[in-house]
Amino acid sequence: MTRLIPLQGVENFRDFGDYAAGAGRLKKGVLFRAAHQAEATDEDLAHLASLGIATLVDLRRPNERERSPSRRWDGFSATVIDNDLGMTGEDPWHTFLKESDLSLESIHDYMDEYYRRAPFKERHLDLFSRYFQAVAKGQGAVLIHCAAGKDRTGILAALTHHIAGVSDDDVIDDYLLTNDPTRFERRGHIFLNNIYELTGKRPTEAAMRAAMGVEARYLAAAFAAIKDQYGSLDGYLEGAVGLDAATREAVAAHILL
Numbered sequence: 001m002t003r004l005i006p007l008q009g010v011e012n013f014r015d016f017g018d019y020a021a022g023a024g025r026l027k028k029g030v031l032f033r034a035a036h037q038a039e040a041t042d043e044d045l046a047h048l049a050s051l052g053i054a055t056l057v058d059l060r061r062p063n064e065r066e067r068s069p070s071r072r073w074d075g076f077s078a079t080v081i082d083n084d085l086g087m088t089g090e091d092p093w094h095t096f097l098k099e100s101d102l103s104l105e106s107i108h109d110y111m112d113e114y115y116r117r118a119p120f121k122e123r124h125l126d127l128f129s130r131y132f133q134a135v136a137k138g139q140g141a142v143l144i145h146c147a148a149g150k151d152r153t154g155i156l157a158a159l160t161h162h163i164a165g166v167s168d169d170d171v172i173d174d175y176l177l178t179n180d181p182t183r184f185e186r187r188g189h190i191f192l193n194n195i196y197e198l199t200g201k202r203p204t205e206a207a208m209r210a211a212m213g214v215e216a217r218y219l220a221a222a223f224a225a226i227k228d229q230y231g232s233l234d235g236y237l238e239g240a241v242g243l244d245a246a247t248r249e250a251v252a253a254h255i256l257l
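According to UniProt numbering, the sequence shown is numbered sequentially starting from 1.
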């Protein structure tokens, strides 16, 4: 299947279902992931309206939501899951961009550290828990997104795949779909201009791609940190996210054929 769904003003939109999952298979048309919808066109909104999205999970911080408020389609009635927990002030990413030399090494170091910390942030744990509780209710399709639809969204999608029994190889392959070459071609110059306006600096193309994209090592860093603290992904889902066996079974029942 074609997982990437090209929209005019919504980046990185795709279906992360329809993978083999243990003895079964994830449903198609139930699990969607994306970047923010602040620049969605009317045509994009019409397409989103056709997907039967019952739950929308916005993983962004409050200041991100204020800076780039999502557009909604006519008749929007989905349950929106977000929160106002966590830090105030400047985004850590913006602070890094201003203070960094924007070298490839510095971006890799920042992303490695981000992924080691992200699974344990209070605001993420709240959002992850409420997302899984919503999926367990089995009320239609769900869309998860953050700003770029790659890091916070990538971790949550990978945890969803784990619960379903998707293979490690497919988990990584799906995560790496963020690196679609057409995305860099379409958005790279915009990203570079935004960085220059914010910092007065221009990263190399390699550094730009590292900042816009993802690498398998990032997700591996998150999972390694989880296992260090909780012993396993299952231990984290139970002990940190708060998912009991019944909720996990209900999640699987909704997303598996």
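C-beta atoms are modelled at their ideal positions from N, C-alpha and C, and glycine is treated no differently. What you are looking at is a predicted structure, and each value in this text was computed from that prediction instead of being measured.
Taking a contact to mean a Cβ-Cβ separation below 8 Å, would you say residue i touches residue j in this structure?
{"i": "alanine 210", "j": "isoleucine 107", "result": "yes"}
{"i": "alanine 141", "j": "glycine 22", "result": "no"}
{"i": "glutamine 133", "j": "threonine 247", "result": "yes"}
{"i": "alanine 207", "j": "leucine 102", "result": "yes"}
{"i": "aspartate 18", "j": "leucine 26", "result": "yes"}
{"i": "tyrosine 175", "j": "leucine 219", "result": "yes"}
{"i": "glutamate 66", "j": "alanine 35", "result": "no"}
{"i": "isoleucine 172", "j": "alanine 157", "result": "no"}
Please go through the same chain and pick out, in chain order, the residues whose beta-carbon is closer than 6 Å to the beta-carbon of residue i, but skip the five residues on each side of it.
{"i": "aspartate 112", "result": "Ala221"}
{"i": "residue 260", "result": "With the chain covering 1 to 257 only, the question about residue 260 has no answer from this structure."}
Can you tell me the Cβ-Cβ gap for residue i and residue j, rounded? I've got them flagged as a contact below 8 Å.
{"i": "tyrosine 203", "j": "isoleucine 195", "result": "Looking at the sequence itself, residue 203 is proline, so the reference to tyrosine does not match. Confirmed, about 6 Å."}
{"i": "alanine 38", "j": "serine 68", "result": "4 Å"}
Which two residues bound the contiguous beta strand (DSSP E) that contains residue i?
{"i": "leucine 257", "result": "Note, leucine 257: premise wrong, no beta strand (DSSP E); not H, not E."}
{"i": "isoleucine 53", "result": "53-58"}
{"i": "alanine 222", "result": "From DSSP, alanine 222 is part of no beta strand (DSSP E) but of the alpha helix (DSSP H) over 216-230."}
{"i": "arginine 183", "result": "Looking at the DSSP string, arginine 183 is not in any beta strand (DSSP E); the run it does join, the alpha helix (DSSP H), is 181-199."}
Quick one: using the 10 Å Cβ neighbour count with 16 as the cut-off for buried, is residue i buried or exposed?
{"i": "leucine 257", "result": "exposed"}
{"i": "aspartate 244", "result": "exposed"}
{"i": "residue 265", "result": "Residue 265 lies beyond the range of the chain shown here (1 to 257); nothing can be said about it."}
{"i": "valine 80", "result": "exposed"}
{"i": "lysine 150", "result": "buried"}
{"i": "proline 92", "result": "exposed"}
{"i": "aspartate 44", "result": "buried"}
{"i": "leucine 198", "result": "exposed"}
{"i": "arginine 117", "result": "exposed"}
{"i": "glutamate 205", "result": "exposed"}
{"i": "alanine 20", "result": "exposed"}
{"i": "alanine 2", "result": "According to the sequence shown, residue 2 is threonine rather than alanine. That one is exposed."}
Once the 5 residues before and after residue i are set aside, which same chain residues still bring their CB inside 8 Å of it?
{"i": "leucine 85", "result": "Glu122, Arg123 and Asp126"}
{"i": "leucine 233", "result": "Leu159, His162, Phe223, Ile226 and Lys227"}
Considering residue i, what are the terminal residues of the alpha helix (DSSP H) in which it resides?
{"i": "alanine 157", "result": "152-164"}
{"i": "valine 80", "result": "It is not in any alpha helix (DSSP H) - valine 80 instead sits in the beta strand (DSSP E) that spans 79-81."}
{"i": "isoleucine 172", "result": "168-175"}
{"i": "leucine 85", "result": "Unbroken run through leucine 85: none, as it is neither H nor E."}
{"i": "alanine 210", "result": "205-212"}
{"i": "isoleucine 144", "result": "From DSSP, isoleucine 144 is part of no alpha helix (DSSP H) but of the beta strand (DSSP E) over 141-145."}
Grab me the residues of residue i's own chain with a C-beta within less than 7 Å of its C-beta, minus the 5 sequence neighbours each way, in chain order.
{"i": "tyrosine 230", "result": "Tyr236, Gly239 and Ala240"}
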